[in-house]
Amino acid sequence: ESMVVTSRKLLKDIRLVVQKIAKKEGFDHVFETSGATSSQLPSLVYIRNATDITERVIENLNRDQPVDP
Numbered sequence: 011e012s013m014v015v016t017s018r019k020l021l022k023d024i025r026l027v028v029q030k031i032a033k034k035e036g037f038d039h040v041f042e043t044s045g046a047t048s049s050q051l052p053s054l055v056y057i058r059n060a061t062d063i064t065e066r067v068i069e070n071l072n073r074d075q076p077v078d079p
């Protein structure tokens with residue numbers, strides 16, 4: 011597969027996992043906080059009581075992947 015196709019599939023999978031976790035946990039919003047704006051500043055500077063679901067997303071994505079021998 012081309013890198014573009016692979017990237018699109020991965021982003022789709024990430025969105026689906028994030029939606030599943032958000033619905034289960036009752037989140038109204040989920041923000042991706044690592045990106046920067048054109049001024050190289052983070053788009054979100056402060057979030058009170060933020061819940062980081064990154065590890066759960068990664069665990070969910072890896073759960074369905076084959077294990078290397």
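For the record, in the sequence shown the residue sitting at position 6 is 16 according to our numbering, with numbers rising by one throughout.
Using N, Cα and C, we set each Cβ at its ideal position, and we do this for glycine too.
Alpha helix (DSSP H) segment containing residue i, residue limits
| i | result |
| --- | --- |
| Leu21 | 13-35 |
| Thr64 | 64-73 |
Inter-residue Cα distance where the pair is residue i and residue j
| i | j | result |
| --- | --- | --- |
| Glu42 | Ala60 | 12 Å |
| Met13 | Val67 | 21 Å |
| Ile63 | Phe37 | 11 Å |
| Glu65 | Leu20 | 16 Å |
| Leu51 | Ile57 | 15 Å |
| Glu11 | Arg18 | 11 Å |
| Asp74 | Ser44 | 25 Å |
| Leu54 | Pro76 | 35 Å |
C-beta contact flag for residue i and residue j at 7 Å
| i | j | result |
| --- | --- | --- |
| Val27 | Leu71 | yes |
| Val40 | Ala32 | yes |
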